[in-house]
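Residue numbers (my numbering): 4 to 204. Backbone N, C-alpha and C define an ideal beta-carbon position, used for all residues, glycine too. Please read the structure below before turning to the comments.
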Amino acid sequence: MDKLKNNGVYFALFTAVISGFSVFINKFAVGFIKPPLTFTATKNLFVGVIILFILLLSKKWNKIFDVNRNDLWKLLTISIVGGAIPFYLFFTGISTIPAINAALIHKTLFVWVTLLAIPILKEKVTKLQMVGIAALFASNLVVGGFKGFTFSTGEIMVLAATILWSVENIIAKKVLINIDSDVLTFYRMGVGSIFLIIASL
């Protein structure tokens, strides 16, 4: 159990590092590929195809359909709340605001997840976790260039996306009890990208 918990911490840390770079890279990308909706739909579809290949190679593709009705609704909810709407909001938002502002807003994801996890999942926040959250904010400020928030439409869109991703986190925590993580990722990115593509037409 301790080993599994430690692996989870390492994966979360690795994800946080990638996330820190991704905001700035995505800001650069949406400046060249327009509109933002087309960019994120294409990017997510590509990820979805990769996950599908992983499922095929690992012979887990049948698990995509081997879900009960309750879990299926949760997976479809994740594909919309986590894989479609927030990506549209986030990438449209970062196309109009500084990358550092988007990064700082996105880092509040941990705050929203914590606020939801305490009453819904009955989880507790440790002092070490609080220090970690503070360190995430501080690390973004060290980059420099932050001139304050303007509460513009772009910033509000990024904030809305972040809150939706926090809701997705809570749903995913419950779904992962019965569903393989690769299957969940396929629904989130693959099925979510289909909704984005339809919206971009």
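message = Rounded to whole angstroms, what is the Cα-Cα separation between L107 and F31?
response = 17 Å
Any 3 or more C-beta pairs closer than 8 Å across the stretch 78-86 and the stretch 184-191 = yes
inquiry  = At the level of alpha carbons, what is the spacing between P38 and N104?
reply    = 20 Å
ask   = For E126, which three-state DSSP category applies?
value = coil
query = Can you tell me where the alpha helix (DSSP H) with K46 in it begins and where it stops?
reply = 39-60
inquiry  = Excluding the 5 residues flanking D74 on each side, which residues of the same chain have their C-beta closer than 8 Å to its C-beta?
reply    = V178, N181, I182
ask   = Taking Cβ to Cβ, would you say T45 is nearer than 8 Å to F94?
value = no
query = Using the C-alpha atoms, what's the distance from V128 back to T117?
reply = 7 Å
message = By the DSSP assignment, the alpha helix (DSSP H) with A105 in it spans what residues?
response = 102-109
ask   = Which whole runs of the alpha helix (DSSP H) in the stretch 162-193 are 4 residues long or more, in chain order?
value = 184-188
query = What three-state label does DSSP hand A87 in the structure shown?
reply = coil
ask   = How about N47 and G86: are their beta carbons less than 8 Å apart?
value = yes
task = Compare the Cα-Cα distances from K66 to each of S196, L204, V186, G34 and report the closest residue.
result = V186
message = Here's a check: name, in chain order, each residue in its chain whose Cβ is nearer than 6 Å to the Cβ of G96, leaving out the five neighbours to either side.
response = G157, M160, V161
query = Which first and last residues belong to the alpha helix (DSSP H) in which G195 is found?
reply = 195-203
query = Between V70, L204, A164, which lies nearest to I88 when the distance is taken from Cα to Cα?
reply = A164
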